[in-house]
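Asker:
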Amino acid sequence: MNTLKHTLNQLVGEALSIVCGLADCDPNVITASKPEFGDYQSNGVMSIAKKVGTNPRQLASDVVEKITADANPLIAKLEVAGPGFINIHLSNTALMQRASEIRSDTQKLIPTTNKVDKIVVDYSSPNLAKEMHVGHLRGTIIGDCLARVLERQGHEIIRQNHVGDWGTQFGMLISYMRELRASQGDLPTELSDLESFYRAAKERFDADPDFADTARSSVVKLQGGDADHLVAWQQFIDESLKHCQALYDKLNVTLSRKDLKAESFYNKDLDGVVKKLEDASLLSVSNGARCVFLPEFTGKDGEPLPVIIQKTDGGYLYATTDLAAVQFRSFDLKVERSLYVVDARQSLHFQQVFAVARKAGFASENISLEHIAYGTMMGRDGRPFKTRSGDTIKLVDLLDEAIRRAHELVSQKSPGLDEATYLEIAEKVGIAAVKYADLSKNRTSDYVFDWSSMLSFEGNTAPYLLYAYARIRSILRKQNSGLESVQITSVSESTERNLLLKIMQLSEVVDMVARDCYPNLLCNYLYELAGLFMRFYESCPILKADTQLRDSRLALSALTAATLKQGLDLLGIETLEKM
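Under numbering that gives the first Met the number 0, the residues of the sequence shown are numbered 0 to 578, in order.
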């Protein structure tokens with residue numbers, strides 16, 4: 000089942016082509032901005048009329064006449080407006096028929112794509128030398144939402160967690176771990192808190208010249224493939240990944256160990272990256288480092304900006320590894336899209352890497368390289384969100400605090416529940432509140448982290464949507480049985496019709512999120528859907544209506560609940576049957 004917008008684009012586009020004599024006319028059908036303009040509006044007639052040299056209003060009239068003559072059952076009425084817009088009013092019967100088809104299989108709320116792409120979604124990417132902190136939240140949950148959306152459409156999704164596991168700091172950490180292990184026998188207990196472990200190792204490094212020499216030697220041995228150092232490195236990585244996985248599970252994020260493609264995975268390919276750039280005559284030496292200079296990248300003073308490939312000491316940089324990753328995704332995985340969900344501050348880096356990859360042949364002609372940039376989580380003081388002492392906040396501490404606050408909130412709003420129920424609700428509401436507060440913002444903008452607004456039951460928040468869903472489920476539970484067979488048979492009230500039309504538009508919003516990678520579009524849709532249900536509920540009696548109308552409104556309520564559930568699941572948010 001195609002989306003309404005896709006169906007209308009085909010319908011109006013074909014009529015427009017027949018009337019004007021041009022092939023592949025784009026009717027540019029959009030959702031109507033106001034109810035008086037109908038349900039949808041075609042805005043493409045004017046540009047076509049300009050191409051063929053005819054009056055746009057007359058051309059629009061001819062298109063309306065053609066579609067009307069064909070008597071398509073989806074269309075109730077067409078109107079020509081202004082200089083050549085076409086207002087489209089849909090048939091109630093056609094909407095209800097679509098709803099009946101979806102009621103029998105709610106998976107049809109989001110149709111499967113006709114063109115399956117293989118897509119890499121590169122997200123989260125923590126540095127395993129330290130615990131995940133609040134700075135990792137946005138990339139992790141935005142990337143997971145996009146992976147869910149694209150996978151739900153039927154695309155082949157390859158999640159990639161490009162973790163930092165191969166930097167010079169690992170020599171210091173491995174040396175410290177080996178030292179502690181010598182005295183404790185097994186993995187040191189200090190590893191239970193990676194942040195403290197890193198801090199202690201750094202203090203040793205800064206205070207003890209002999210230890211610092213050992214650490215530097217450890218880097219060389221590690222990168223040279225020394226077996227003992229590789230074993231110690233692997234133990235440290237495994238322990239770090241346990242910390243990450245615990246957070247992914249807590250966040251309801253779909254990343255797992257099998258999605259790992261760490262920096263070390265590309266280590267064997269880095270010499271080849273340098274050789275390929277040499278063969279393409281793109282490498283230059285600048286202050287002892289090997290660099291690529293492209294004319295389109297210059298600084299404020301007009302000086303060319305380098306892409307540093309290899310440092311003076313022979314070490315490689317992020318750009319080198321990223322070029323190897325582009326090559327792997329292009330020619331080994333053979334993907335059509337590669338999405339990099341990474342902080343906006345890395346925009347220049349990715350622009351340069353993508354340009355070098357194209358010029359040197361690391362990227363295939365078929366791959367779309369897309370930096371999905373996002374802004375910074377800010378505190379109420381307008382600065383990056385940190386503790387009062389200025390330390391970076393651990394992500395696990397932030398989530399635990401969210402659950403604690405949600406527990407207080409739920410205890411106040413729903414007294415009398417048992418503690419196990421409070422804990423279950425608090426965990427889901429707390430995590431959902433943190434995720435939704437982030438995903439509901441335009442990802443390219445910085446946003447202010449505010450506990451009071453994100454845990455509010457009013458406005459565009461997770462608690463509001465979770466409550467809306469639970470409220471609908473409560474209504475449905477009052478109907479003892481037979482809900483599976485009831486259908487929507489009446490949308491005579493405007494609030495009924497508006498709600499049904501909104502439900503039918505979920506797939507259109509999902510299409511936009513899949514194409515443009517802005518999860519806030521889906522959040523806005525779900526908020527509007529919940530609001531439309533509340534208006535329907537207030538104006539249209541459900542359980543007290545006569546039998547046929549009651550069943551129709553119960554079916555509409557059930558379809559609303561299914562739509563909310565699917566939409567929230569795409570955001571990585573779990574629903575609750577009771578709140």
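Ideal Cβ placement from N, Cα and C applies to all residues, glycine included. Given the structure is predicted, the values throughout are model-derived calculations rather than measurements.
(1) Output the residue ranges of the alpha helix (DSSP H) runs that lie fully inside the segment 73–123 and measure 4 residues or longer, sorted by chain position.
(2) Is N459 buried or exposed, if buried means 16 or more other CB atoms sit within 10 Å of its CB?
(3) Taking DSSP as the reference, what is the three-state secondary structure of K440?
(4) State the start and end residues of the unbroken alpha helix (DSSP H) segment that holds S337.
(5) Using the C-alpha atoms, what's the distance from P72 back to L276?
(6) Considering only their Cβ atoms, is the gap separating R534 from T494 smaller than 7 Å?
(7) My output table needs one value for V284: the three-state DSSP class, helix, strand or coil.
(8) Closest by CA to V162, which one among S174, H135, I156, R177?
(9) Starting from the Cα of D331, find the closest Cα among S451, Q547, I157, L240 and give me that residue.
(10) Going by beta-carbon coordinates alone, are S131 and L246 separated by less than 7 Å?
(11) In chain order, what residues of the same chain lie with their CB nearer than 6 Å to the CB of L149, ignoring the 5 residues before and after it?
(12) Around the C-beta of Q547, are 16 or more other C-beta atoms found within 10 angstroms, so that it is buried, or is it exposed?
(13) CB-CB under 7 Å to L498, same chain, minus the five flanking residues each way: which ones, in chain order?
(14) DSSP on Y373, reduced to helix/strand/coil?
(15) Just reading off the alpha helix (DSSP H) that L570 is part of, what are its end residues?
(16) Would the segment 359–366 count as touching the segment 179–193 if we require 3 or more Cβ pairs under 8 Å?
(17) Taking C-beta to C-beta, are N27 and G37 nearer than 7 Å?
(18) So, are the CB atoms of V133 and I392 less than 7 Å apart?
(19) Would you kindly report the start and end of the unbroken alpha helix (DSSP H) that includes Y536?
(20) For I87 and Q40, I'd like the C-alpha separation in whole angstroms.
(21) Report the three-state DSSP secondary structure of V252 (helix, strand or coil).
(22) DSSP puts S367 in a beta bridge; with which residues?
(23) Within 10 angstroms of the Cβ of E262, are there 16 or more other Cβ atoms? Answer buried if so, exposed if not.
(24) Kindly give me the distance between the Cβ atoms of Y373 and R442, rounded to whole angstroms, as I take these residues to be in contact under 8 Å.
(25) Could you tell me which uninterrupted alpha helix (DSSP H) segments, each at least 4 residues in length, are contained entirely in the segment 163–193, listed from first to last along the chain?
(26) Is I487 helix, strand or coil by DSSP?
(27) Using alpha carbons as the reference points, say which of Q234, S283, G83 lies closest to Q309.
(28) Sorted by chain position, which residues of the same chain lie with C-beta nearer than 8 Å to L108's C-beta, five sequence neighbours on each side aside?
(29) So does the segment 177–188 actually touch the segment 405–424, counting three or more Cβ pairs closer than 8 Å?
(30) To which residues of the same chain is A469 closer than 7 Å at the C-beta, ignoring the five residues directly before and after it?
(31) Please say whether I471 and M95 have beta carbons closer to each other than 7 Å?
(32) Determine whether the beta carbon atoms of A431 and A467 lie at a separation below 7 Å.
(33) Throw me the rounded Cβ distance for the F296 and F384 pair, which I believe falls under 8 Å.
(34) Measuring CB to CB, does G153 end up less than 7 Å from V120?
(35) Is the number of C-beta pairs between the segment 328–347 and the segment 416–433 that are closer than 8 Å three or more?
(36) Could you tell me the distance, in whole angstroms, from the CA atom of K434 to the CA atom of E423?
Answerer: This is what the structure gives:
(1) 91–103
(2) Within the sequence shown, the letter at position 460 stands for residue 459. Answer is buried; the Cβ neighbour count reaches 16.
(3) As a working note, residue 440 is residue 441 in the sequence shown. It is coil, neither helix nor strand.
(4) Sequence index remark: in the sequence shown, residue 337 carries index 338 (1-based). Not the alpha helix (DSSP H): S337 falls in the beta strand (DSSP E), residues 336–342.
(5) The residue you call residue 276 lines up with position 277 of the sequence shown. The residue you call residue 72 lines up with position 73 of the sequence shown. One C-alpha to the other measures close to 60 Å.
(6) Counting from one through the sequence shown, the residue named residue 494 turns up at place 495. Counting from one through the sequence shown, the residue named residue 534 turns up at place 535. Cβ distance < 7 Å, so T494 and R534 count as in contact.
(7) By 1-based counting over the sequence shown, the position of residue 284 is 285. Strand at V284.
(8) Residue mapping note: residue 162 aligns to position 163 of the sequence shown, counting from 1. Residue H135 is the option with its Cα nearest to V162.
(9) The residue labelled residue 331 in the question sits at position 332 within the sequence shown. Measuring from the Cα of D331, the nearest candidate turns out to be I157.
(10) Mapped onto the sequence shown, residue 131 falls at position 132. Mapped onto the sequence shown, residue 246 falls at position 247. Rather than Ser, the amino acid found at residue 131 in this sequence is Met. Going by C-beta atoms, M131 is nearer than 7 Å to L246.
(11) As a working mapping, residue 149 is identified with position 150 in the sequence shown. Answer for L149: I118, I156, A513, listed in chain order.
(12) For the purposes of this step, residue 547 is identified with residue 548 of the sequence shown, where counting begins at 1. By the 10 Å Cβ count, Q547 comes out exposed.
(13) Position 499 of the sequence shown, counted from the start, is the residue given in the question as residue 498. If we look at L498 and ignore the five residues flanking it on each side, its Cβ neighbours are L531, F532, F535, L555, T559.
(14) Along the sequence shown, read from residue 1 onward, the residue named residue 373 stands at position 374. Strand.
(15) Here residue 570 is taken as the residue at index 571 of the sequence shown, counted from 1. Per DSSP, L570 belongs to no alpha helix (DSSP H) and is neither H nor E.
(16) no
(17) As a position in the sequence shown, residue 27 is number 28, starting the count at 1. As a position in the sequence shown, residue 37 is number 38, starting the count at 1. Their beta carbons are not under 7 Å apart, which means N27 does not touch G37 by this criterion.
(18) On the sequence shown, position 134 is the one that residue 133 refers to. On the sequence shown, position 393 is the one that residue 392 refers to. Yes, they are a contact pair.
(19) For the purposes of this step, residue 536 is taken as residue 537 along the sequence shown, with counting starting at 1. First-last of the alpha helix (DSSP H) with Y536: 519–538.
(20) As a first step, residue 87 must be located in the sequence shown, where it is residue number 88. As a first step, residue 40 must be located in the sequence shown, where it is residue number 41. Using only the alpha carbons, I get a separation of about 6 Å.
(21) Within the sequence shown, the letter at position 253 stands for residue 252. Three-state DSSP puts V252 in coil, outside helix and strand.
(22) The sequence position of residue 367 within the sequence shown is 368, counting from 1. Partner(s): R336.
(23) Residue mapping note: residue 262 aligns to position 263 of the sequence shown, counting from 1. Classification of E262: buried, given that the 10 Å Cβ count is 16 or more.
(24) Taking the sequence shown and counting its residues from 1, one reaches residue 373 at position 374. Taking the sequence shown and counting its residues from 1, one reaches residue 442 at position 443. Rounded, the Cβ-Cβ distance is 4 Å, consistent with contact.
(25) 168–183
(26) By one-based count along the sequence shown, residue 487 stands at place 488. The answer is coil: DSSP assigns I487 none of H, G, I, E or B.
(27) Numbered from 1 along the sequence shown, position 310 holds the residue referred to as residue 309. Of the candidates Q234, S283, G83, the one whose C-alpha sits nearest the C-alpha of Q309 is S283.
(28) What you label residue 108 is simply residue 109 of the sequence shown in a count that begins at 1. Cβ neighbours of L108 beyond the five flanking positions: I101, I502, L505, S506, A561, T562, Q565.
(29) no
(30) Along the sequence shown, one-based indexing puts residue 469 at 470. Here the set comprises L575, E576, K577, M578.
(31) Along the sequence shown, one-based indexing puts residue 95 at 96. Along the sequence shown, one-based indexing puts residue 471 at 472. Contact: no.
(32) As a position in the sequence shown, residue 431 is number 432, starting the count at 1. As a position in the sequence shown, residue 467 is number 468, starting the count at 1. Their beta carbons are not under 7 Å apart, which means A431 does not touch A467 by this criterion.
(33) Working through the sequence shown from its first residue, we reach residue 296 at position 297. Working through the sequence shown from its first residue, we reach residue 384 at position 385. That pair is no contact at about 31 Å.
(34) Counting from one through the sequence shown, the residue named residue 153 turns up at place 154. Counting from one through the sequence shown, the residue named residue 120 turns up at place 121. No, the Cβ-Cβ distance between G153 and V120 is not below 7 Å.
(35) no
(36) For the purposes of this step, residue 434 is identified with residue 435 of the sequence shown, where counting begins at 1. For the purposes of this step, residue 423 is identified with residue 424 of the sequence shown, where counting begins at 1. Roughly 17 Å between the two C-alpha positions.
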